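K.L.:
To convert a position in the sequence shown, counted from 1, into the working numbering, add 947. Sending over a structure as structure tokens; questions will come in a sec.
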Amino acid sequence: MSNFVFVLDTNKQPCNPVTPGLARRLLTRGVAAVYRRYPFTIILKYACDQPLTKPHEIKIDPGSKTT
């Protein structure tokens, strides 16, 4: 669970993160576009009525050299 891509719908509402492979397929099919490069986020070209989201937790390592 270390590598995921953040997803937003057209209204900039967060959706569940997806794997890089699924994000790549969405981008090549033209269903999504790159919204931000760091953290890598894609935005869907359609709105979701009720976007599915689960509680998420971000962890930051203050001792890391490249935080």
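Where a beta carbon is used, it is the ideal one built from N, C-alpha and C, also for glycine. All values derive from a computational prediction rather than experimental measurement.
If you compare alpha carbons, which of Lys992, Thr988, Cys962, Phe987 is closest to proline 998?
P.N.:
For the residues Lys992, Thr988, Cys962, Phe987, the minimum Cα distance to proline 998 belongs to Cys962.
K.L.:
Using the C-alpha atoms, what's the distance from phenylalanine 987 back to histidine 1003?
P.N.:
16 Å
K.L.:
If you draw a straight line from the alpha carbon of leucine 955 to that of arginine 983, how long is it in whole angstroms?
P.N.:
11 Å
K.L.:
Looking at valine 965 and valine 978, is the spacing between their C-beta atoms short of 8 Å?
P.N.:
no
K.L.:
Opposite isoleucine 1005 in the DSSP bridges: which residues?
P.N.:
According to DSSP, isoleucine 1005 bridges with nothing at all.
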